[in-house]
Amino acid sequence: MNYVSKSPLDTKRVAIELVESLSARDHALVIALDGDLGSGKTTFSQYIGECLGVHDPIQSPTFLIEKIYELSGKPWQHLVHIDAYRLESERELLDLGWRDIVKKPSNLVLVEWAEKVGSILPEDAIHIVFTHEDETTRKIEISTP
Ligand SMILES: Nc1ncnc2c1ncn2[C@@H]1O[C@H](COP(=O)(O)OP(=O)(O)OP(=O)(O)O)[C@@H](O)[C@H]1O
Ligand SMILES: [Mg+2]
């Protein structure tokens, strides 16, 4: 699915539509986010969190690599927000317990800069690519397996 977002509000609408289309799996649901610096990956992640009832503000986890938010609703109990930008290799994410995170159906996982860890993403991950077109325009391409 391809979208052209003309404002953060447009991007919020895309996030809402995506969340409404999601369903749980027998392992974690992984959403891989790619695109240049400032293309909107964190903004989109914040809207996803908002839709799922996260109260704490979702911040860019760039310096933390990973941040986990509690979700009150079903089917997901945790929103795991990962920023792979600073990772040197997939090994570093594996060392953060990636295999266990991905195993749990109760985890919804957002990975910014997912291309950095492409080889360890589940095959059924949803891929979203953001393109910075101009100051307020972003192309958002969503591929679901
Ligand atoms: N149509 C739009 N959709 C989303 N964000 C937009 C849009 N227009 C302008 N913006 C702005 O673009 C910026 C996107 O920054 P954001 O931190 O989400 O990017 P990012 O892809 O996570 O960058 P990084 O790779 O540095 O983590 C925000 O300041 C946001 O307000
Ligand atoms: Mg970001």
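FYI, in the numbering used here the residues of the sequence shown are 121 to 265.
Even glycine gets a Cβ: it sits at the ideal position worked out from N, Cα and C.
Where the alpha helix (DSSP H) containing threonine 163 begins and where it ends: 161 to 171
Alpha carbon to alpha carbon, how far is proline 265 from proline 195? Give it in angstroms, no decimals. 20 Å
Inter-residue CB distance, aspartate 156 and glutamate 235 (contact presumed, cutoff 8 Å): Contact doesn't hold; Cβ gap of about 11 Å is too wide.
Please confirm whether any heavy atom of ligand 2 lies closer than 7 Å to the CB of serine 180. yes
Check each candidate in Leu230, Leu184, Phe183, Val237 and name the one with the smallest Cα separation from glutamate 208. Val237
For glutamate 212, which of helix, strand or coil comes out of DSSP? helix
Would you call the CB atoms of valine 134 and serine 143 closer than 8 Å? no
Evaluate the contact criterion for the segment 189 to 204 versus the segment 220 to 227: three or more CB pairs, one atom per stretch, below 8 Å. yes
Can you list, in chain order, the residues of its chain with a C-beta nearer than 6 Å to that of leucine 149? Leave out the 5 residues immediately preceding and following it. Leu228
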